[in-house]
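Residue numbers are given in numbering that gives the first Met the number 0: position 170 of the sequence shown equals residue 169, and the series is strictly consecutive.
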Amino acid sequence: MTLPIRKHASYIHWFWLCLLTFPGTSEAADQCVKLVFEDYCLGGSMSRQLEKTPTDMRPQVYGERKGVIFEMDNEKIYVMSYKGIIYKILHTFEPETQATLKDLRRRLERKYGRFEDRSEYPEETENKARHMSFIRRGEGELKNVWQLPDQQWRVELGWSRKLGVSVAYYMNELDELQKEAALKGL
Numbered sequence: 000m001t002l003p004i005r006k007h008a009s010y011i012h013w014f015w016l017c018l019l020t021f022p023g024t025s026e027a028a029d030q031c032v033k034l035v036f037e038d039y040c041l042g043g044s045m046s047r048q049l050e051k052t053p054t055d056m057r058p059q060v061y062g063e064r065k066g067v068i069f070e071m072d073n074e075k076i077y078v079m080s081y082k083g084i085i086y087k088i089l090h091t092f093e094p095e096t097q098a099t100l101k102d103l104r105r106r107l108e109r110k111y112g113r114f115e116d117r118s119e120y121p122e123e124t125e126n127k128a129r130h131m132s133f134i135r136r137g138e139g140e141l142k143n144v145w146q147l148p149d150q151q152w153r154v155e156l157g158w159s160r161k162l163g164v165s166v167a168y169y170m171n172e173l174d175e176l177q178k179e180a181a182l183k184g185l
């Protein structure tokens with residue numbers, strides 16, 4: 000009996016994540032699913048990442064989640080892990096302008112194809128100026144998502160008041176697991 004590809008892939012991801020929780024399986028945790036921003040290993044070990052790219056910042060720890068920020072001039076790279084495995088790498092970009100956003104979108108489209116718009120604003124409007132005013136006031140967020148059908152990761156281009164213009168890479172399954180764990184604490 001064969002499973003549909005999507006369901007089969009889900010079992011493979013579940014099995015991989017289970018392996019990460021058992022002692023003696025550190026080689027599974029050291030796999031780099033995708034190298035992003037030239038130096039950061041999505042799906043890799045946070046401790047290995049910190050050895051490879053040391054920082055003066057002490058990692059912030061929230062239960063089984065850990066995060067560290069690497070600063071480069073005015074831009075930052077946020078690396079987040081769950082149970083020691085990196086599930087999110089986010090890079091902020093300067094200047095925070097529509098030109099920066101358009102350039103990043105164009106480059107991401109060239110590399111990954113069409114995106115899904117998951118932007119959120121307090122009211123429906125096609126007016127781009129209103130979208131920008133919602134973002135600047137912290138009432139809205141632009142979000143373009145690239146999810147390739149055969150990949151266990153996704154890319155998000157965003158613009159929000161809190162982070163500005165950013166590109167983030169996520170491990171899909173691990174991101175969901177850490178969100179569920181965070182909600183259990185409520």
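Yeah, the Cβ is synthetic: ideal placement off N, Cα and C, and Gly gets one too.
Give the secondary structure of ARG102 by DSSP, where H, G and I count as helix, E and B as strand, and everything else as coil.
Note that residue 102 corresponds to Asp in the displayed sequence, not to Arg. In the structure shown, ASP102 falls within a helical segment according to DSSP collapsed to helix, strand and coil.
If you compare alpha carbons, which of GLU179, GLU74 and ASN126 is closest to VAL164?
The shortest C-alpha to C-alpha distance from VAL164 to any of GLU179, GLU74 and ASN126 is the one to GLU74.
DSSP three-state assignment for LEU34, whether helix, strand or coil
Look at LEU34 here: in three-state DSSP terms it is strand.
Could you name the residues of the same chain whose beta carbon sits closer than 8 angstroms to that of GLU95, not counting the 5 residues immediately before and after it, in chain order?
Cβ neighbours of GLU95 beyond the five flanking positions: TRP158, GLY163 and VAL164.
Could you check which residue in ASP55, LEU107, SER44 and TYR81 has the C-alpha nearest to that of ALA181?
For the residues ASP55, LEU107, SER44 and TYR81, the minimum Cα distance to ALA181 belongs to TYR81.
List the residues that DSSP assigns as beta-bridge partners of MET170.
Looking at the DSSP assignment, MET170 forms a beta bridge with TRP152.
Return the chain-ordered list of same chain residues with a C-beta closer than 6 angstroms to the C-beta of ASP174, the five sequence neighbours on each side being excluded.
Spatial neighbours of ASP174 in its own chain (CB-CB distance under 6 angstroms, excluding positions within 5 residues in sequence) are listed in chain order as TYR86.
Buried or exposed (CB count within 10 angstroms, at least 16 for buried), GLU155:
By the 10 Å Cβ count, GLU155 comes out buried.
Between VAL166 and ASP116, what straight-line distance do the alpha-carbon atoms span, to the nearest angstrom?
Using only the alpha carbons, I get a separation of about 14 angstroms.
Quick check for students: name the residue ranges of the beta strand (DSSP E) that lie wholly in the region 34-60, counting only runs of 3 or more.
Runs of beta strand (DSSP E) with 3 or more residues, each lying fully within the region 34-60, are found at 39-41, listed in chain order.
Would you list the one or two residues that DSSP bridges to ASP116?
According to DSSP, residue pairing for ASP116 in a beta bridge involves ASN143.
If ILE68 and HIS90 are in contact, beta carbons under 8 angstroms, what's the gap, nearest whole angstrom?
Actually they do not touch by this definition, with Cβ atoms about 11 angstroms apart.
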